[in-house]
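Residue numbers 0 to 362, in numbering that gives the first Met the number 0, belong to the letters of the sequence shown in order.
Data first, discussion second: the structure below is written as structure tokens.
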Amino acid sequence: MVSAATRSSYASLAGDPRRLYPGLDWDRDVVVLGIESTAHTFGVGVASTRPPYILANARSVYQPERGGIHPREAASHHARVAAEVIEQALAEAGVSMRDVDAVAVALGPGLGPALRVGATVARGLAAYYRKPLVPVNHALGHVEIGRLATSVGDPVVLYVSGGNTLVAAFARGRYRVFGETLDIALGNLLDTFAREVGIAPPYVVGGLHAVDRCAEEGRELLDLPYTVKGQDVSFSGLLTAALRAVRSGARLADVCLTLREIAYSAVVEVTERCLAHTRKREVVLVGGVAASPVLRRMVEEMAGYHEARAGWPPPPLAGDNGAMIAWVGLLNYLSGITVPVAESRVRQRWRLDDTPVPWRAGA
Ligand code: AMP
Ligand code: MG
């Protein structure tokens, strides 16, 4: 049984899995529990082969008292909340562990100490309840929940979050990375700048990041470095220069406006070149920064020039979440991908282009 609240909150999932994943057996009755713990979020989702497909998406997010994310503190937060979030997800889905066919876990990429909590919890559940353990790549979670939420078959994906920034598209059996950050992630750039100049935390209020909000009062674009190298972007020089500009007396709103125009334009430029090169017809924006209305508008406008469609998942499915791990866990499980508990290892630098996507084989 699925609770009414859950049904209504995910009723808007646009995609039909039978169309998006035609090779998989959707007549099977399968339920997968998925655990996310790669960074600040401890999330647990439940996915099913039956509508509404995503049955639960519970989470607890570690918030550092000051400064950035501290891997060991994130890990102890995850260990503290794990049991409660699992219970919450099962209750939300209206299932018990007995109804669960497999336990999926994001084994990377991410922060070692944080990853190990999710992996340990998942191994424990799988061993105790005698369920198969399913390894999931976190970035692939973002990509596939983005496809399900927007009903998009073959998109260029712009993944921008606190720890990741990359542009990917499917080609020859894998999601290929067409461009990525050479140093810090876009979300990290926004958060660090906002924190250092004292306009955050909280980083996001009313759906607007502090930098986007402050930029609304900006009048003038300043001279700050715009760095795109080939298909890759770099943000650490921009961060340093923006902080220096504020210290030298530039108007904060002008620095915010310049920072976000440069940073968003850089990722949109790389996405545009990927779109032109691959000739795909759709762009999907995923990761926590996908919630920025300003970035959405820029992506939409760029896609329009190429007669492509742009989309993004609703916020609970855009940032790190357990539902996307459960969803790829389900796809992997239906494709026969499991790992013996004794052989499961976290992979801090597990790349998206090093991850099998069997359900798109031959695409
Ligand atoms: P994730 O790592 O995917 O959970 O994403 C977290 C990142 O998304 C953080 O850097 C947040 O500041 C950023 N973020 C969340 N909401 C917004 C928003 N509305 N606009 C811009 N960035 C956001
Ligand atoms: Mg993420």
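All C-beta atoms in this analysis are idealised placements derived from N, C-alpha and C, irrespective of residue type, glycine included.
Taking C-beta to C-beta, are residue i and residue j nearer than 7 Å?
i    : j    : result
P108 : R348 : yes
A240 : L188 : no
S343 : L132 : yes
D28  : R175 : no
V345 : A78  : no
V424 : H137 : Any answer about residue 424 is impossible in this case: the structure gives the chain only from 0 up to 362.
A193 : A214 : no
S160 : G303 : no
L256 : G217 : yes
V31  : A101 : yes
V298 : A265 : no
P312 : I68  : no
W358 : L114 : no
Just to check my reading of the structure: residue i and residue j have Cβ atoms closer than 8 Å, yes? What is that Cβ distance to the nearest angstrom?
i    : j    : result
E281 : A307 : 6 Å
A57  : P112 : Not really, about 22 Å apart at Cβ, beyond 8 Å.
L19  : G152 : 6 Å
L316 : A148 : 5 Å
E271 : L220 : 20 Å between Cβ atoms; not a contact.
A103 : G33  : 4 Å
V283 : R146 : 7 Å
C273 : F169 : So it is not a contact: roughly 11 Å between Cβ atoms.
V356 : R212 : About 38 Å; that fails the 8 Å criterion.
A81  : V135 : At roughly 17 Å, the Cβ-Cβ gap does not stay under 8 Å, so A81 and V135 are not in contact.
L110 : A38  : 6 Å
If you draw a straight line from the C-alpha of residue i to the C-alpha of residue j, how long is it?
i    : j    : result
P51  : R243 : 50 Å
L89  : V156 : 30 Å
A252 : I336 : 50 Å
A289 : V116 : 27 Å
V1   : D190 : Residue placement at V1 cannot be trusted, given a pLDDT of 33 that sits under 50; the coordinates are not used to answer.
A195 : V245 : Looking at the sequence itself, residue 195 is Glu, so the reference to Ala does not match. For E195 and V245, the distance between alpha carbons rounds to 10 Å.
A341 : R17  : 34 Å
L258 : L223 : 8 Å
P21  : L139 : 18 Å
E179 : V84  : 32 Å
T354 : V327 : 12 Å
R6   : L12  : The predicted model places R6 with a pLDDT of 43, which falls under 50 and marks its position as unreliable; any figure quoted below should be read in that light. Spanning the two alpha carbons is a distance of roughly 10 Å.
V293 : V338 : 41 Å
L106 : P70  : 15 Å
D15  : G197 : 45 Å
S150 : I53  : 14 Å
E91  : R49  : 16 Å
L207 : S75  : 29 Å
E300 : Y127 : 51 Å
R350 : D26  : 32 Å
F234 : V254 : 14 Å
G310 : A325 : 21 Å
S36  : G236 : 29 Å
Pull the bridge partners of residue i from the DSSP assignment, please.
i    : result
N56  : G44
R173 : A170
Y263 : According to DSSP, which records beta bridges pairwise, Y263 is partnered with nothing at all.
Y158 : L165 and V285
R308 : E281
I324 : Paired residue(s): none; I324 is not in a bridge.
V135 : A105
E300 : Note: E300 sits in no beta bridge, so no partner.
T180 : V232
I34  : V43 and V104
| query | Do the region 320-335 and the region 37-50 touch if we need at least three Cβ pairs shorter than 8 Å? | reply | yes
| Three or more C-beta pairs closer than 8 Å, one from the region 55-65 and one from the region 96-112: is that the case here? | No, they do not touch.
| Given 8 Å as the limit, is there contact between the region 179-188 and the region 151-167, that is, 3 or more CB pairs closer than that? | yes
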